[in-house]
Amino acid sequence: MEMPGERDKHAWRGEILTRRAAVSAEQREREALALAEAIAKFETPLVSEWVCAYVPMREEPGSMAQLEALRETGARVLLPLTGDAEPLNWAEYTGPADLRKARYGLLEPSGPALGAEAVTLAELILIPALAVDRRGVRLGRGAGHYDRTLGAARPDAKLVAVVRDDEFVDRLPEEPHDLRMGWVLTPHGGLRRLGGDPVAE
């Protein structure tokens, strides 16, 4: 998807959200399956004991299947808890029955909150995004939760933006506080190290 690089983040968000809303349920299901299959191929050292992930909601690419795929690699999965404009709090995901409804229509684990510092456990962090560019610049929804969270991640953590294939673009607008991603995961492209070739598992 080619978009003029000079446009601001608000314009990018509007166009991407419009495109996502037009994706059919059948295509969403195919893409979600492809993402889960790609995650199932993750191996050590990419996946270690702890992984931070999220529950895809509404038009976000993916499904609960990717969380189960992570668990099947042997990883323990942390999911964010809804909160105010602060670094994300985390709790362990132990299966679909463990989830409860939270604010904004989101789902979160019902187990104990582990605090914002739990992000330091993870060597792999899957991050929702509206788009990511080849330099690793990520476009989020603008709330800033991940901007405030990822600065505390361990220096060797692999930051993976999860987007649809046409949301992996050449260049996005970047601000000084933006933290770049090291990897991108798309349904058809699989896992790529940004600036490099597809990862062979």
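Per the numbering used here, the sequence shown runs over residues 411 to 611.
Glycine included, each C-beta is placed from N, C-alpha and C at the ideal position.
Keep in mind that this is a model prediction, so the values were computed, not measured.
So, using beta-carbon positions, are Ala541 and Leu582 closer together than 8 angstroms?
Yes, the Cβ-Cβ distance between Ala541 and Leu582 is below 8 angstroms.
Could you give the DSSP three-state label for Val529: helix, strand or coil?
Three-state DSSP puts Val529 in a helix.
When you compare the CB positions of Ala526 and Ala562, do they come within less than 8 angstroms of one another, or not?
A contact, by the Cβ cut-off of 8 angstroms.
Could you pull out every residue in the same chain whose Cβ sits closer than 8 angstroms to the Cβ of Trp500, ignoring the five residues on either side in sequence?
So the qualifying residues of the chain are Cys462, Leu488, Leu489, Pro490, Leu491, Ala523, Leu524, Gly525, Ala526, Ala528, Val529.
Going by the beta-carbon positions, is the gap between Gly424 and Leu445 smaller than 8 angstroms?
No, they are not a contact pair.
Can you find the residues in the same chain that come closer than 7 angstroms, C-beta to C-beta, to Arg558, ignoring five residues on each side of it along the sequence?
So the qualifying residues of the chain are Glu496, Pro497.
Take every Cβ of the segment 564 to 573, pair it with every Cβ of the segment 588 to 605, and state whether three or more of those distances are shorter than 8 angstroms.
The segment 564 to 573, when compared against the segment 588 to 605, does touch it at the 8 angstroms Cβ threshold.
Let me check one thing: in DSSP terms, what residues is Phe452 bridge-paired to?
Partner(s): none; Phe452 has no beta bridge.
In this structure, does DSSP put Thr596 in helix, strand or coil?
Here Thr596 sits in strand by DSSP.
Under a Cβ-count criterion, where at least 16 other Cβ atoms within 10 Å of its own Cβ denotes burial, should Pro414 be classed as buried or exposed?
At Pro414, the pLDDT of 41 sits below 50, so the modelled position is not reliable; the number obtained from the coordinates is stated separately. Its Cβ having fewer than 16 others within 10 Å, Pro414 is exposed.
May I ask which residues mark the beginning and end of the alpha helix (DSSP H) holding Tyr503?
Element bounds for Tyr503: not the alpha helix (DSSP H) but the beta strand (DSSP E), 499 to 503.
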